[in-house]
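Colleague:
Residue numbers (the working numbering), protein chains in the order written: chain A, 736 to 1256; chain B, 736 to 1256.
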C-alpha cells in the first residue's frame, strides 16, 4: 500500500534550472526549493519534450511525446482523442484540479464534429485538457473570462477594464504609467502590491482550495505563470537583485568549430534575440527575472508551511518542475526553443511521502527523467492503472523508492516545430518543413533538423554546448549512432491508441475462437 | 472545370496484381479489367500501406499512412479523431456511400467518452468510418445485423439461421454438406447459385443504387469481399480453371544469400503457411481463387455495361484497386502480410473522364502510387479541398491528365504490426515490439524490423525478391541510404492534425497583432 493520498503537481513557467539554488551555483537563492529537495529526490537530468510552453505541457499532461500527441506548438489544439492526467483520474473516480496555467487549446473543431457543447460538463473537461478548474489563468495576456483574477484585482481596488495591463504588468515611471512589455521598465516595481501579484493570487487560491478539501483526497495542478515575461516583479522583489548579481553572460554566437547552424542563426533575428543579444539588456532584465524566481520560492515556502501544518506532507506526492527554461541573453539569444540545456533541461523534484522513499530523501539522482514521466508517476502513486498503449513516460517511483532493478533511460528526446516562428520565414521554409528532433544521451546531444545539417555536442568535453560538431567529419560515426537511436525512437512511438496491449495479447492468434478458420486443409 | 460528377471507388479484397491480365501474364483472363484499363491509366507500381485488410483500408479511407491513422492491424478501431473520405465529402455537402466491405472498427470507447450514441446519425457515420451505408458486408464471417445479405438469401430460398455458412461457403460432398473453411473442398461449387453469391449480390445492390440516383451526383465505394477466403466459388466459376492452369509456384524458402529472416520464418508456422507450403494444396486452392477473380471480372463487366448505358462513363471517376494481395503458396507462404510484391503491390486503375485525361487513356504509368492517394484524387476530381495538414497522399489527376511537371514519388512505404499474429509468440516478442517498415525505391526494397536485422532486395538484379541482402556486408551503404529515407519519412509524417497549414502560415510571427510584445526594449 502506498501512503500517497494527494498529489500536488507544481509547474513554473520558463524557470531555468540553473537559476534554482538546489542545483548548485544559482544567481538566485531558492531556500524553499532546497527545503523541497530535502524532502524528496532532485533529478539532475530532467528534460522537457519541447522547449516551448504548449507542446511541453501537452507532454506533461498526456505522458506522450509531441509526435504522439500532435500539439506541436503553442497554438495547436490538443486533439480531443488524446487522454490526459485528468482523463485517467476521471476513469478511476477521481479528479485533476487546476489552479493556474495549462496552455491547453481546445480542439473545438472536433467538439463541433462530435456535437459536444463546449459549455457542457464533458465539453468543459475536453476544453480544459481534462482538468476541473478552480481558476485557469494562462498569463501574459489580460486574464480572459475563464479567470477570476481580473475581478479579484478590481475588488482590491485596481480599477479599470484591464487591471492586468494597467496594474500588474504596469509600472510608474517619471510620474506616468508605463508598460512592462517594454523591458526598459523591468527595474521598476509592479503597480500591484506583492500580495496581489499573479504568484500570490494563485498561491492563495491553491491553499484555500486545499484547505477546503478537508480529509478528501485530492490532485492539484498548481501552475504558476511566472517567471515568464512580462518580467515585472512586485516590490520588494523587483529590487532584490542588481545588475552586478547577474554574473557572466554567455555571449553568442559561440559555435567555434563550424559555421553556426542556420536554424540558430535564424532565431537570432527574432525580436527577443535582437534585444537580449545586447549585454546591457540582459543585465537589465535578469534581475527582474531573478526577483520573480525569488518571489516564487517565497510562495512555495508558504505552500510547504501550510502542507506541513495540515499534516499533508506525509500523504502528498509533490512534483515540482518547469515547462522549459529561458535564454535570457545567453548565447546572444532571448526567450526559449531550440535544444540547448538552458531551455530543455529543467528543475525537477519529486517528493514521495511513501516510507519506501525515505532512503532517497534529500538525494540527487543523475538518471534521465522526461516530462512525460509525470503522468505515469502520479497514476502509479495513486494505484491507478494508466494506459501502457498510450503513455510513453515511466513512473519515477522505482527511482524514489530505490529499486535498484529499475531500468534507467539511456536517452531523452525533445522536439520543435518552428513553423509558427519568424525563423521559418527567414529560412524560406513551408510550415510543414520546420521540425527538429533531439536525442540526448549521457555523453552526446544530437539534433536532426529537417532540411539542414544536424547539430552535435560533446557533453563530456563541452558541457556548455559551445562547439557544434554537427558538420565535423571526425564525428561521422557518432552522428550515425545517435541518428540510429532517433530512428528507433520514432519507430517505436505509440501509434495504436484505440486498443490496449492486453487486448492485443488476448486477441493474438485467436481467430479460430471466432469461427474463422484460415488456411486449414 | 472538371467533368467529374460521380465517383466509383471499387475495391477487391486480397486480389493479387499478377492475377489480373491487364498487368501481363496472368493465370486468369480478366477482359473487363482490360476494358477498364483501356478507359484510363493502369498504374504498374501501386503499393498499399500495409499488407493486411484493416490498416491498408484505413489508409485508403483516410489518405494517411498507418503510423499516422494508428489502426495498425485488423482489430484496431479507427480513431474517432481521424477524418475519412466521407468526412471530407460531408463538409462539402456530399456523401460517400458504401456497398460492401470496409473493415472499419468503430472507436466505441471514444464514442462513449464523447457521449455519442452509436445509433445516432453522427454515431453511425463515425461507426462506419464516414460512409453512408447501402449495405455493409465485411465478408468471411456470417453477415452481421448490418448486412441485408442474410435476409436477401433467405428470401431466395436459402433457409437457415446462418445461410452464409450453410450455403454460400458450403458445398455438397458425397451427399452431405461440407464447409468451405476446409480448403480440401474448394474444388466444389458453392451451394448458392451464382446470381446469389456475394459478388453478384453486391454488384446488384450497387447498380440498383446507382440507378436510383438518377441525375444526382454520387460517390460510391463498391467494395467486394472476394477473392478473399473462404475460397468457395459458385458454378461455373468453381470449375473454370484446373490445377494445370496454375502454372509454376515459387517454392520457399528461397532466400539464397543469407539465413531466412526470422519474421518470415515465424510466418511459416501459421496454419495457412503450413497448408500452402504443400504444393498440392496450393495447386488445389488456386483454381478456386482464380475462379473467384474471373467471377469478379464478369460482374465488373456488368458495372461497366450499365455505366455506359446510363451515360455515366463520361462523368464518373473510376478507381479500381485491391486492399492487398495473397501468397497462395508462393514462397511456401499462405495468406498475406510481410512486404513481398505479391502482397503489397496491387492492381490500380484510374479512369478519369475529364477530356484532359484523353491522352493517357489506355496507357500504363510506371510511376509510384500509394493507397493513400485515393482520397486526395477523389477530392481533387470533385473540386473539394482536402486537408493538406492531415492527408499524406497525392492527387493522381496530374498523372492522368499528363501534367509533365507533376512530381513523381521516389519511394513508397508500407508497414506491418504483427502483434496479433502467432508469429509474435513464435518470436517471443511483446505486443509492442512487432513493427516492420518498408521503403521501396525504383531499385531497392528495404524493410526495417524492430529487434531483427533488416531485409533488403535488389529489384533490378532480383525482381522476384529471392535473395535477401539484409545481412550482406557488400550492401552496407545501400542499407544506410534506404534507412535514411525511412528516417526522413518517419520524421515528416503529419502529426499536427488539429490546425491546418494555412492557419499556421497566417499565425506565423503574429503575436504582436494579439497584443503580445516579446522581448522589446
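Glycine included, every Cβ here is placed at the ideal spot set by N, Cα and C. None of the values given here were measured: they were computed from a predicted structure.
Quick one: any contact between the segment 827-843 of chain A and the segment 900-920 of chain A, if contact means 3 or more CB pairs under 8 Å?
Modeller: Contact between the segment 827-843 of chain A and the segment 900-920 of chain A is absent, because fewer than three Cβ pairs lie under 8 Å.
Colleague: List, in chain order, every chain A residue whose beta-carbon is nearer than 8 Å to that of residue 1225 (chain B).
Modeller: By Cβ distance, chain A contributes 1222, 1225, 1226.
Colleague: For chain A, check one thing: does any of its Cβ atoms lie closer than 9 Å to the Cβ of residue 1244 (chain B)?
Modeller: Yes - at least one Cβ of chain A is within 9 Å of the one on residue 1244 (chain B).
Colleague: Once the 5 residues before and after residue 996 (chain B) are set aside, which same chain residues still bring their CB inside 8 Å of it?
Modeller: Once the five neighbours on either side are set aside, the close Cβ partners of residue 996 (chain B) are 990, 1184, 1187, 1188, 1190, 1203, 1205.
Colleague: Is there a C-beta anywhere in chain A that falls below 9 Å from the one on residue 1130 (chain B)?
Modeller: With 9 Å as the cut-off, residue 1130 (chain B) does not count as an interface residue toward chain A.
Colleague: Would you list the one or two residues that DSSP bridges to residue 1263 (chain A)?
Modeller: The requested residue 1263 (chain A) does not occur in the structure, where chain A is confined to residues 736 to 1256.
Colleague: Using 8 Å as the cut-off, can you tell me whether the segment 1011-1022 of chain A makes contact with the segment 1081-1092 of chain A, which would need three or more C-beta pairs spanning the two stretches below that distance?
Modeller: In short, these stretches do not touch, since the Cβ pair count stays below three.
Colleague: Since residue 743 (chain A) sits in a beta bridge, which residues does DSSP pair it with?
Modeller: For residue 743 (chain A), which the question treats as bridged, DSSP gives the partners A:955, A:1053.
Colleague: With a threshold of 9 Å between beta-carbons, can residue 918 (chain B) be considered close to chain A, or not?
Modeller: Yes, contact with chain A.
Colleague: Is it buried or exposed for residue 1232 (chain B), if we count other Cβ within 10 angstroms and need 16 for buried?
Modeller: Buried is the call here.
Colleague: If the criterion is Cβ atoms closer than 9 Å, does the pair residue 973 (chain B) and residue 922 (chain B) meet it?
Modeller: Yes, the pair counts as a contact, with Cβ atoms nearer than the cut-off.
Colleague: How long is the line joining the alpha carbons of residue 1029 (chain A) and residue 889 (chain A), rounded to whole angstroms?
Modeller: Going from the Cα of residue 1029 (chain A) to the Cα of residue 889 (chain A) covers about 26 Å.
Colleague: Taking DSSP's pairing of strands, which residues face residue 917 (chain B) in a bridge?
Modeller: Bridge partners of residue 917 (chain B): A:1255.
Colleague: Straight-line CA distance for residue 862 (chain B) to residue 947 (chain B)?
Modeller: When rounded, the distance between both Cα atoms is 25 Å.
Colleague: May I ask you to verify whether the segment 785-795 of chain A touches the segment 758-775 of chain A, counting CB pairs closer than 8 Å and requiring at least 3?
Modeller: No, the segment 785-795 of chain A does not touch the segment 758-775 of chain A.
Colleague: Counting only runs of 3+ residues fully inside the segment 1084-1160 of chain A, write out the beta strand (DSSP E) ranges in chain order.
Modeller: If we require 3 residues or more, the beta strand (DSSP E) runs fully inside the segment 1084-1160 of chain A come out as 1098-1105, 1147-1152.
Colleague: So residue 940 (chain A) and residue 869 (chain A) are in contact, right, with Cβ under 8 Å, and what is the actual spacing, rounded?
Modeller: Yes, residue 940 (chain A) and residue 869 (chain A) are in contact; Cβ-Cβ is about 6 Å, under 8 Å.
Colleague: Name the chain A residues that come within less than 8 Å of residue 964 (chain B), Cβ to Cβ?
Modeller: The contacting residues are 1253, 1254.
Colleague: Taking the C-alpha atoms as reference points, what is the distance between residue 779 (chain A) and residue 1081 (chain A)?
Modeller: Their backbone Cα atoms lie some 8 Å apart in a straight line.
Colleague: Can you confirm whether the segment 876-893 of chain A touches the segment 848-855 of chain A when touching is taken to mean that 3 or more C-beta pairs between the two stretches lie within less than 8 Å?
Modeller: Flag = no, the segment 848-855 of chain A and the segment 876-893 of chain A do not touch.
Colleague: Below 8 Å on C-beta distance, what does residue 876 (chain B) contact in chain A?
Modeller: Those are 1249, 1250, 1251, listed as they occur along chain A.
Colleague: Rank A:1054, A:1049, A:895 by C-alpha distance to the C-alpha of residue 796 (chain A) and give the top, closest one.
Modeller: Minimum Cα distance to residue 796 (chain A) is reached at A:1054.
Colleague: Does the distance between the C-beta of residue 1187 (chain A) and the nearest non-hydrogen atom of the ligand MN fall short of 8 Å?
Modeller: For the ligand MN, the structure offers nothing, since it holds no ligand at all.
Colleague: Looking at residue 749 (chain A): is its Cβ nearer than 9 Å to the Cβ of residue 1046 (chain A)?
Modeller: No, they are not a contact pair.
Colleague: Give me the chain B residues within the contact set of residue 1155 (chain A), using Cβ-Cβ distance strictly less than 7 Å, ordered along the chain.
Modeller: Neighbours of residue 1155 (chain A) on chain B, chain order: 1239, 1242, 1243.
Colleague: Tell me which residues of the segment 1012-1042 of chain B have at least one Cβ-Cβ distance to chain A shorter than 7 Å, keeping chain order.
Modeller: Within the segment 1012-1042 of chain B, the residues whose Cβ lies closer than 7 Å to some Cβ of chain A are 1016, listed in chain order.
Colleague: In chain A, what lies closer than 9 Å to residue 845 (chain B) by C-beta?
Modeller: Chain A residues near residue 845 (chain B): 815, 816, 849, 1233.
Colleague: At a Cβ cut of 9 Å, what residues of the segment 1069-1084 of chain A count as close to chain B, listed as they run along the chain?
Modeller: Within the segment 1069-1084 of chain A, the qualifying residues are 1069, 1070.
Colleague: Whose CA, out of A:845, A:1071, A:838, A:1065, lies closest to the CA of residue 983 (chain A)?
Modeller: Cα-wise, what sits closest to residue 983 (chain A) is A:1065.
Colleague: Helix, strand or coil for residue 1245 (chain B), going by three-state DSSP, please let me know.
Modeller: DSSP places residue 1245 (chain B) in coil when its eight states are reduced to three.
Colleague: Exposed or buried, which one is residue 1195 (chain A) when buried takes at least 16 other CB atoms within 10 Å?
Modeller: Per the 10 Å Cβ criterion, exposed.
Colleague: In whole angstroms, what separates the C-alpha of residue 744 (chain A) from that of residue 1075 (chain A)?
Modeller: One C-alpha to the other measures close to 25 Å.
Colleague: Would you mind listing the beta strand (DSSP E) stretches within the segment 765-821 of chain B that are 3+ residues and don't spill past its ends, in chain order?
Modeller: List check, beta strand (DSSP E) in window: 776-782.
Colleague: If we require 3 or more residues per run, which beta strand (DSSP E) segments fall completely within the segment 825-883 of chain A?
Modeller: Runs of the beta strand (DSSP E) inside the segment 825-883 of chain A: 831-835, 866-871.
Colleague: Once DSSP output is grouped into helix, strand and coil, what is the label at residue 1171 (chain A)?
Modeller: Here residue 1171 (chain A) sits in strand by DSSP.
Colleague: Residues of chain A with CB under 9 Å from residue 1172 (chain B), in chain order?
Modeller: Result: 1226.
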